[in-house]
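A.B. asks:
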Amino acid sequence: MLSDQVQAKIDRELKKYPADQKQSAVMSALRFVQDEKGWISPDDMADVAAYLGMPQMAVYEVATFYHMYNLKPMGKHTLTVCTNLSCTLCGALDTVKYIETKLGIGLGEVTPDGKFGLREGECMGACIDAPLLTVSNKKLCGRLSPEKIDQLLAELDKS
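Residue numbers for the sequence shown follow our numbering, beginning at 57 and rising by one.
1. With a threshold of 6 Å on Cβ separation, who are the neighbours of Leu200 within its own chain once the five nearest residues in sequence on each side are excluded?
2. Using 8 Å as the threshold, is the C-beta distance between Tyr116 and Gln90 below it?
3. Could you tell me the distance, in whole angstroms, from the CA atom of Glu92 to the CA atom of Thr167?
4. Can you round the beta-carbon distance between Val118 and Val62 to whole angstroms, since I take them to be within the 8 Å contact cut?
5. CA-CA distance, Ala102 and Lys171?
6. If Lys158 and Leu212 are in contact, beta carbons under 8 Å, what's the gap, nearest whole angstrom?
7. For Arg68, which option in Gly94, Leu58, Ala85 has the closest C-alpha, if you only look at C-alpha atoms?
8. By how many angstroms is the C-alpha of Ala114 removed from the C-alpha of Arg175?
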């Protein structure tokens with residue numbers, strides 16, 4: 057069941073669209089659920105589908121297509137490293153290896169303390185700053201170096 061807070065946010069989002077186009081708010085609805093719970097379960101997807109009056113499969117298709125949605129718990133801070141061509145040519149794979157070594161986890165895993173999750177993602181549209189990553193889909197960090205990564209992890213570890 058969607059919380060009252062999530063329902064209120066979805067209702068505000070629905071005002072942006074014609075009444076017969078409620079499904080237009082699906083991406084926002086999924087984001088609201090993830091912001092509240094940290095991830096989106098199959099039950100959450102079913103609840104979003106019911107609330108927006110759309111097939112469950114359509115919600116699932118959106119949630120699985122975009123890399124910004126966590127379909128399993130991914131830790132307090134989800135680090136998503138862009139591994140598309142531009143970032144890869146600028147060292148994204150080295151960035152992934154460095155973070156894996158620092159955190160002791162691989163892609164798709166979460167640290168034992170639940171603080172960090174690591175994923176790879178699709179192009180984030182900031183190729184000029186490659187290699188880059190996002191922190192929980194809220195903060196974009198570019199031109200990554202081991203020093204910048206160490207600083208970022210230290211800041212996040214304190215929060």
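All C-beta atoms in this analysis are idealised placements derived from N, C-alpha and C, irrespective of residue type, glycine included.
C.D. replies: Concretely, from the data shown:
1. Numbered from 1 along the sequence shown, position 144 holds the residue referred to as residue 200. Taken in chain order, the residues that qualify are Thr151, Pro187.
2. Numbered from its first residue, the sequence shown carries residue 116 at position 60. Numbered from its first residue, the sequence shown carries residue 90 at position 34. No, these two residues do not count as a Cβ contact at 8 Å.
3. Position 36 of the sequence shown, counted from the start, is the residue given in the question as residue 92. Position 111 of the sequence shown, counted from the start, is the residue given in the question as residue 167. Cα-Cα distance, rounded: 20 Å.
4. On the sequence shown, residue 118 is found 62 positions in, with the first residue counted as 1. On the sequence shown, residue 62 is found 6 positions in, with the first residue counted as 1. The Cβ separation is near 16 Å, so there is no contact.
5. Taking the sequence shown and counting its residues from 1, the one referred to as residue 102 is at position 46. Taking the sequence shown and counting its residues from 1, the one referred to as residue 171 is at position 115. If you take the alpha carbons of Ala102 and Lys171, they lie about 28 Å apart.
6. For the purposes of this step, residue 158 is taken as the residue at position 102 of the sequence shown. For the purposes of this step, residue 212 is taken as the residue at position 156 of the sequence shown. No, Lys158 and Leu212 are not in contact; Cβ-Cβ is about 12 Å, not under 8 Å.
7. As a position in the sequence shown, residue 68 is number 12, starting the count at 1. The option with the nearest alpha carbon to Arg68 is Ala85.
8. Locating residue 175 in the sequence shown gives position 119, counting from the first residue. Locating residue 114 in the sequence shown gives position 58, counting from the first residue. Straight-line Cα distance between these residues: approximately 24 Å.
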